[in-house]
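S.K.: Numbering (the UniProt record's numbering), first residue to last: 1 to 209. Here a beta-carbon is modelled for each residue, glycine too, at the ideal position from N, C-alpha and C. Everything numeric in this text was worked out from a predicted model, so none of it was measured. This is the structure, below, for whatever I ask next.
Here you go:
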């Protein structure tokens, strides 16, 4: 309970140069962030015509997802049930399918803040890690593109753990993972194109997401 009070109210800080006169400085607040789950981004911006529009949307902040303001109790209940189902589906997808370098993903959680270069995601595979500055969407959502974990890993699927920090030093320990697909780096552009087309075709058979 005491910890919650500190998190809510912050810590009052005063500064002195002579042990007599004290100057109040901005309140220091702890940001207890957490990651609840990861999600693959499918069909992003497909309704937009240009890459510029898609990129602008990708970089833009967005409101926290909420039920309609005028929704009645039953509508809110249905909205919450649909949201829980979607989250379950997103979790299953990150466990059962994979993404390559550059694929778009979301981090869902709590208490994210706009912290500039101090807002960091750390990706860990075995003993190797990579860090990325994600896109701040809102206090419950970050966006990123899958980084390159290194050519030393064999072709195939690898489990990557993702943690977040708002000060660049202290990271969460929620243990959320996704499957990273290391493809043959000697693959020609034509071979890669065929692979991507096959993946899109397989995705289409599974239904639009």
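Would you kindly work out how many angstroms separate the C-alpha atoms of residue 191 and residue 114, rounded to a whole number?
M.R.: Each residue's Cα considered, the two are about 40 Å apart.
S.K.: Using the C-alpha atoms, what's the distance from residue 58 back to residue 187?
M.R.: C-alpha separation (whole angstroms): 29 Å.
S.K.: When the Cα of residue 32 is compared with those of 182, 180, 185, 172, which residue comes out closest?
M.R.: Among 182, 180, 185, 172, the Cα nearest to that of residue 32 is on 172.
S.K.: How would you label residue 208, buried or exposed, when you count the other beta carbons within 10 angstroms and need 16 or more for buried?
M.R.: Low per-residue confidence applies at residue 208: pLDDT is 41, beneath 50, and the placement is therefore not dependable enough to give any value.
S.K.: Where do the ends of the beta strand (DSSP E) carrying residue 157 lie?
M.R.: Taken as a continuous stretch (DSSP letters only), the beta strand (DSSP E) holding residue 157 covers 156 to 165.
S.K.: Can you have a look at residue 196 and say buried or exposed, based on whether 16 or more other CB atoms are within 10 angstroms of its CB?
M.R.: Counting Cβ neighbours within 10 Å, residue 196 comes out exposed, since fewer than 16 surround it.
S.K.: Helix, strand or coil, according to DSSP, for residue 105 in the structure here?
M.R.: Reduced to three states, the DSSP call for residue 105 is strand.
S.K.: Taking C-alpha atoms, which residue in 165, 88, 97, 69 lies nearest to residue 111?
M.R.: For the residues 165, 88, 97, 69, the minimum Cα distance to residue 111 belongs to 165.
S.K.: Give a yes or no on contact between the segment 97 to 104 and the segment 126 to 140, applying the rule of three or more CB pairs nearer than 8 Å.
M.R.: Flag = no, the segment 97 to 104 and the segment 126 to 140 do not touch.
S.K.: Which of helix, strand or coil does DSSP assign to residue 24?
M.R.: If DSSP states are grouped into helix, strand and coil, residue 24 belongs with the strands.
S.K.: Looking only at DSSP bridge pairs, what is residue 39 linked to?
M.R.: Bridge partners of residue 39: 106.
S.K.: Is it the case that the Cβ atoms of residue 123 and residue 162 are separated by a distance below 8 Å?
M.R.: Cβ distance < 8 Å, so residue 123 and residue 162 count as in contact.
S.K.: Please state whether DSSP places residue 191 in a helix, a strand or coil.
M.R.: Of the three classes helix, strand and coil, the one that applies to residue 191 here is helix, per DSSP.
S.K.: Decide if residue 119 is buried, meaning its Cβ has at least 16 other Cβ atoms within 10 Å, or exposed.
M.R.: That one is buried.
S.K.: How big is the Cα-Cα spacing for residue 96 and residue 156?
M.R.: Each residue's Cα considered, the two are about 14 Å apart.
S.K.: Report the CB separation of residue 106 from residue 198 in whole angstroms; it is logged as a contact under 8 Å.
M.R.: Wrong, their Cβ atoms sit about 25 Å apart, outside the cutoff.
S.K.: With 16 other CB atoms within 10 Å as the buried threshold, where does residue 22 fall?
M.R.: With fewer than 16 Cβ atoms within 10 Å of its Cβ, residue 22 is classed as exposed.
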